[in-house]
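A.B. asks: Just so we're aligned: the sequence shown equals residues 443 to 590 in my numbering.
One structure, as structure tokens, below. Some questions next.
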Amino acid sequence: MLIGVPPLLGPDFLSVLRGMGHGDEIAIVDGNYPAAEHARRLVRADGLYLPAVLDAMLQVLPVDDFVPHALFRSTVGGDPDALNRVHEEMLAICARRAPGFAVVPLVGEAFYGRVRAAHAVVATSEPRLYANFIVRKGVIHPVRESDA
């Protein structure tokens with residue numbers, strides 16, 4: 443256990459997050475997603491649902507503010523405007539943990555291609571369909587000496 447680190451972020455998960463560089467992406471996917479097939483690095487989050495994993499991750503991972511878009515979600519049946527309950531939960535978590543960042547819907551192969559190129563894939567036990575999310579890692583800006 444660590445102070446200030448959500449306990450569901452185990453050692454392997456933390457190692458992957460720590461090993462990511464600026465601009466690397468990490469996908470969190472539902473239990474139906476072909477994670478082992480698409481992952482360059484696979485993190486198992488068995489028994490955990492996507493919203494809890496996303497919430498924990500956004501507590502320690504900076505979101506990239508050097509690009510226009512750094513948060514992405516899969517779509518419901520290919521409709522970028524459709525939201526199901528899990529998408530609403532993801533949006534609420536992002537509004538709280540990454541305010542000011544838009545969540546961009548990606549349809550089909552655009553989402554799959556981005557997952558395949560991601561630094562890592564976190565496979566959850568989320569049972570709801572289309573519960574998949576990508577975060578692009580940002581930087582932690584240094585404190586200026588004049589601010590200290």
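Just so it is clear, CB atoms sit at the ideal spot from N, CA and C, and this is done for glycine as well.
These numbers were taken from a predicted model, which means no experiment stands behind them.
Could you tell me whether the Cβ atoms of valine 485 and valine 564 are closer together than 8 Å?
C.D. replies: Cβ distance < 8 Å, so valine 485 and valine 564 count as in contact.
A.B. asks: What are the boundary residues of the alpha helix (DSSP H) that includes glycine 457?
C.D. replies: Position check: residue 457 holds serine in this sequence, whereas glycine was assumed. Here the alpha helix (DSSP H) through serine 457 covers 453 to 461.
A.B. asks: Helix, strand or coil: which one does DSSP assign to proline 493?
C.D. replies: In the structure shown, proline 493 sits in a helix (DSSP, three-state: H, G or I).
A.B. asks: On the DSSP bridge assignment, give the partners of isoleucine 582 in chain order.
C.D. replies: Note: isoleucine 582 sits in no beta bridge, so no partner.
A.B. asks: My assumption, with CB atoms under 8 Å, is that valine 577 sits in contact with alanine 512. Please give the rounded CB distance.
C.D. replies: Indeed they touch by this definition, with Cβ atoms about 7 Å apart.
A.B. asks: So, phenylalanine 575 versus alanine 478, is the Cβ gap smaller than 8 Å?
C.D. replies: No, these two residues do not count as a Cβ contact at 8 Å.
A.B. asks: Beta strand (DSSP E) containing valine 563: first to last residue?
C.D. replies: Unbroken beta strand (DSSP E) run through valine 563: 562 to 566.
A.B. asks: Is it right to say aspartate 523 is buried, meaning 16 or more other beta carbons lie within 10 angstroms of its own, or is it exposed?
C.D. replies: Result: exposed.
A.B. asks: Taking the alpha carbon of threonine 517 as the reference point, which residue from Ser457, Leu444 and Tyr572 has its own alpha carbon closest?
C.D. replies: Here the closest residue by C-alpha is Tyr572.
A.B. asks: Roughly how many whole angstroms lie between the Cα atoms of glycine 452 and valine 458?
C.D. replies: Taking the straight line from one Cα to the other gives about 10 Å.
A.B. asks: Given a threshold of 16 other Cβ atoms within 10 Å of its Cβ, counted over all protein chains shown, does methionine 443 qualify as buried or as exposed?
C.D. replies: Per the 10 Å Cβ criterion, exposed.
A.B. asks: So what does phenylalanine 508 bridge to, in DSSP terms?
C.D. replies: According to DSSP, phenylalanine 508 bridges with nothing at all.
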